[in-house]
Amino acid sequence: MKREEKKLETKNRILEAAMCLFAEQGFEATTVAQITEAAGVAKGTFFNYFKTKEEVRGKLDKIIALDELVNLKDKPGPYAPVFLR
Numbered sequence: 001m002k003r004e005e006k007k008l009e010t011k012n013r014i015l016e017a018a019m020c021l022f023a024e025q026g027f028e029a030t031t032v033a034q035i036t037e038a039a040g041v042a043k044g045t046f047f048n049y050f051k052t053k054e055e056v057r058g059k060l061d062k063i064i065a066l067d068e069l070v071n072l073k074d075k076p077g078p079y080a081p082v083f084l085r
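So in full-length UniProt numbering, spot 74 of the sequence shown is number 74, and the numbers just go up one at a time.
Here is the structure:
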């Protein structure tokens, strides 16, 4: 596996672990240590990719918003033309 692929895989594991933990126990109750344990990475690795837990949440919010826009495109409703311009 190439280095860039491995970096992307690690980042995605962190994001996926965080998303699951935020859903299970809430953002405030989730610690960076829990995220790193669930992702199978060292705490230092987390900080190589993200400055804070809040940054992870922001990235997840963007991913979710983009996914919703893609779904909106597939299932147009009255607001679809506004977002698709």
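Even for Gly, the Cβ is constructed at its ideal location relative to N, Cα and C. These numbers come from a predicted model, not from an experiment.
> When you compare each of R57, L66, T10, K11 to L21 by their alpha carbons, which one comes out closest?
Replying inline: Sequence index remark: in the sequence shown, residue 21 carries index 21 (1-based). Measuring C-alpha to C-alpha distances from L21 to each of R57, L66, T10, K11 identifies R57 as the nearest.
>> Considering just the uninterrupted stretch of the alpha helix (DSSP H) at E28, what are its terminal residues?
In response: Locating residue 28 in the sequence shown gives position 28, counting from the first residue. Neither: E28 is in no alpha helix (DSSP H) and is coded neither H nor E.
> According to DSSP, is V41 helix, strand or coil?
Replying inline: Within the sequence shown, numbered from 1, the residue matching residue 41 stands at position 41. Correct three-state label for V41: coil.
> With distances taken between CB atoms, is the gap from Y49 to K11 smaller than 7 Å?
Replying inline: Position 49 of the sequence shown holds residue 49. Position 11 of the sequence shown holds residue 11. The answer is yes: Cβ separation under 7 Å.
>> Please classify F47 as buried or exposed, where buried requires at least 16 neighbouring CB atoms within 10 angstroms.
In response: Counting from one through the sequence shown, the residue named residue 47 turns up at place 47. Result: exposed.
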